[in-house]
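Per our numbering, the very first residue in the sequence shown carries number 1134; after that it's consecutive.
All C-beta atoms, glycine included, are put in the ideal place defined by N, C-alpha and C.
Contents: one structure, followed by commentary.
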Amino acid sequence: FQRFLVTSSWNKVEKGLIPVLEHVAKQGSVNPQVESKIRAELKSTMPAEERENWRLFSTQELSNLVYLHGALCETLRLYPPVPFQHKEPLKSDVLPSGHRVGPNMMVLFSVYVMGRMTSIWGPDCLEFKPERWISDSGKIKHEPSYKFLAFNAGPRTCLGRGVAFTQMKAVAAAIIHKLPSSRCGRPPCSS
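Shown next, in the form of structure tokens:
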């Protein structure tokens, strides 16, 4: 079972991590605060004597990376690994839109489009805002699964969600920590 969780969550990692790193690189020039906040958060979680070395972050350190978690969620919202999903009702039903669906009908929906809908995410839905995922108390804010479907919803919610987030944070933290800042173009600069 553990092998299944790690293998299936790695699929999310490889499909979700590349857009995160690309977004951090792009946002570093477009919105330098995103990169600066991630780098500052990484620095704050490690001992001062280890800040210049390449390192792997511990599970405890990773659990404290709230802003990085928000950046991952924001990337998965805008660039979901599975952009379309479908459901099939077991019995006749009526959707909130008033449309009737019957058994064995396939209802398709776009998770990609849902991540950009003002009716779901508000007028700033096209902006990359990791803060959207952080509560006023500075903790990770959990959105209802019907809004954020990157890991599906209901009884079909991905069992490896937590493992996938830990893996994505571990890889992203290690890479971002040692990659040159997109603003300075040379080995890691102080942010």
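What are the boundary residues of the alpha helix (DSSP H) that residue i is part of?
{"i": "L1241", "result": "Looking at the DSSP string, L1241 is not in any alpha helix (DSSP H); the run it does join, the beta strand (DSSP E), is 1240–1243."}
{"i": "G1248", "result": "Counting along the chain, G1248 falls outside any alpha helix (DSSP H), and DSSP gives it neither H nor E."}
{"i": "K1302", "result": "1294–1311"}
With a 10 Å radius around its C-beta and 16 neighbouring C-beta atoms as the bar for buried, classify residue i as buried or exposed.
{"i": "F1281", "result": "buried"}
{"i": "Y1279", "result": "exposed"}
{"i": "V1227", "result": "exposed"}
{"i": "K1224", "result": "exposed"}
{"i": "I1171", "result": "buried"}
{"i": "K1302", "result": "buried"}
{"i": "F1298", "result": "buried"}
{"i": "T1251", "result": "exposed"}
{"i": "A1173", "result": "exposed"}
{"i": "G1295", "result": "exposed"}
{"i": "L1175", "result": "buried"}
{"i": "T1192", "result": "exposed"}
{"i": "K1207", "result": "The sequence given here has Glu at residue 1207, not Lys. Under this definition E1207 is a buried residue."}
{"i": "G1271", "result": "exposed"}
{"i": "P1213", "result": "buried"}
{"i": "H1310", "result": "buried"}
Go through its chain and collect everything with a Cβ distance to residue i's Cβ below 6 Å, but skip five positions before and after it.
{"i": "R1319", "result": "Note that R1319 scores a pLDDT of 41, beneath 50, so its modelled location is shaky; the value from the coordinates is reported in the next line. Cβ neighbours of R1319 beyond the five flanking positions: P1313."}
{"i": "R1233", "result": "V1227"}
{"i": "P1194", "result": "Note on identity: in this sequence residue 1194 is Glu, with Pro being the wrong assignment. Closer than 6 Å at Cβ, skipping near neighbours: T1178."}
{"i": "G1235", "result": "S1225"}
According to DSSP, simplified to helix, strand and coil, what is residue i?
{"i": "K1280", "result": "coil"}
{"i": "L1150", "result": "helix"}
{"i": "F1137", "result": "Legend: pLDDT at F1137 = 49, less than 50; position of this residue unreliable, value from coordinates given subsequently. F1137 falls in the helix class under three-state DSSP."}
Who are the near neighbours of residue i in its chain, counting only those whose CB is closer than 8 Å to its CB and skipping five residues on each side?
{"i": "W1254", "result": "R1210, G1248, R1265, K1280"}
{"i": "A1307", "result": "W1187, R1188, L1189, F1190"}
{"i": "R1184", "result": "K1176"}
Compare the C-beta of residue i with all C-beta atoms of chain D and state if any pair is closer than 9 Å.
{"i": "M1239", "result": "Here there is only one protein chain, and chain D is not present."}
Flag residue i as yes when its Cβ comes closer than 8 Å to any non-hydrogen atom of the ligand SAM, and as no otherwise.
{"i": "H1219", "result": "Absent from the structure shown: the ligand SAM. Ligands present: none."}
Can you give me the Cβ contacts of residue i inside the same chain, cut-off strictly under 7 Å, excluding the 5 residues immediately before and after it?
{"i": "P1263", "result": "V1167, Y1200, G1203, A1204, E1207"}
{"i": "L1241", "result": "F1217, H1219"}
{"i": "L1150", "result": "M1301, V1304, A1305"}
Can you check the stretch 1157–1225 for any alpha helix (DSSP H) of at least 4 residues that lies completely inside it and give the ranges in chain order?
1165–1178, 1192–1196, 1199–1211
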